[in-house]
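Contents: one structure, followed by commentary.
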Amino acid sequence: MVGGLFLSWRRPSRDQQKACIAQAGGFNYDPRFHAASSPPPSQNGNKEVEEALSKNGFFINRARVLLGSGPLTFRLAKSALLSWTHFRLGWAFVDSETPIETGVKFCVCVKELLPWVMMPLQVAYVTDIFTPRPTPIEAAASRPIKSCFGFGGGTLQGHLLAGEERFSIEWDENDQIWYETFSFSKPAHFLSVIAYPYVQLRQKHFAQQSTNAVLKFVASKKQSTT
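Encoded structure:
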């Protein structure tokens, strides 16, 4: 650890990531907001929660993309999250063997100028809701349906930021499959305070590249099955 950060001049090895996780402390943000990023009941989000987060100084970032429709798309999108495809960006990654289970700690590795920065997080919650598709009679009665898989990672001591980020796949009542990233954060280190406008741009850049990665993964897997 250098200056309160976990750094590496080369792409971090698995052992380095394990050391980062071992040295990290607990969550570094207010317990009131643990799991505050969990999926809202509608695509419009939870306005009350977001207003409370904003009033407490958190920056909110969201990106949402339509992946397609039907059960195959949902299964492929879910597998993308389980294999951490949304973090296969070259300049950012998570060990793909990290299990997505509540309580599991993991390390996000990000290339920043010369050094790599390793940032520790913990899976704060996992959402896995499957609602069977309706019969024709149920569909005619407009029975609301929604399936969702996702998880939220909460920042730990040693992270540049304080907050959570959710990655989720939603299968809505119109048979459409959506991938969404949602995060709330504030600076947790003097470097992120100084460079916060840059940090916010990087967050938006990550969200856009993450949605593109999942979109490409689903599209390529669909092509291979035809």
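Numbered per the working numbering, the sequence shown finishes at 1338, counting up by one with no gaps. Beta carbons are placed, not taken as given, at the ideal position from N, Cα and C, and that holds for glycine. Since we're looking at a predicted model, the values are computed, not measured.
- For Lys1130 and Cys1219, the gap between their C-alpha atoms comes out near 8 Å.
- The criterion of a C-beta distance shorter than 7 Å is satisfied by Ser1150 and Tyr1237.
- Asp1127: member of the alpha helix (DSSP H) spanning Arg1126 to Gln1135, first to last residue.
- Between Glu1277 and Ser1295, the C-beta gap is smaller than 7 Å, which places the two residues in contact.
- Around the Cβ of Ile1133, a 10 Å sphere holds 16 or more other Cβ atoms; the residue is buried.
- By the neighbour-count criterion, in which a residue is buried when 16 or more other Cβ atoms sit within 10 angstroms of its Cβ, Phe1329 is buried.
- Rounded to whole angstroms, the separation of the alpha carbons of Ser1208 and Asp1127 is 14 Å.
- Annotation for Thr1293: the continuous beta strand (DSSP E) segment containing it runs Gln1288 to Pro1299.
- Between Gln1269 and Gly1137, the C-beta gap is smaller than 7 Å, which places the two residues in contact.
- Per DSSP, Ile1306 lies in no beta strand (DSSP E); the unbroken alpha helix (DSSP H) holding it starts and ends at Phe1302 to Ile1306.
- About 7 Å separates the beta carbons of Thr1210 and Trp1196, which is inside the 8 Å limit, making them a contact pair.
- Burial of His1198 is indicated by the presence of at least 16 other C-beta atoms within 10 angstroms of its C-beta.
- If only complete runs of 3 or more residues are kept, the region 1133-1205 shows the beta strand (DSSP E) at 1171-1181, in order along the chain.
- Comparing alpha carbon positions, the residue from Arg1174, Ser1181 and Val1311 closest to Asn1286 is Ser1181.
- Per DSSP, reduced to three states, the secondary structure at Lys1223 is strand.
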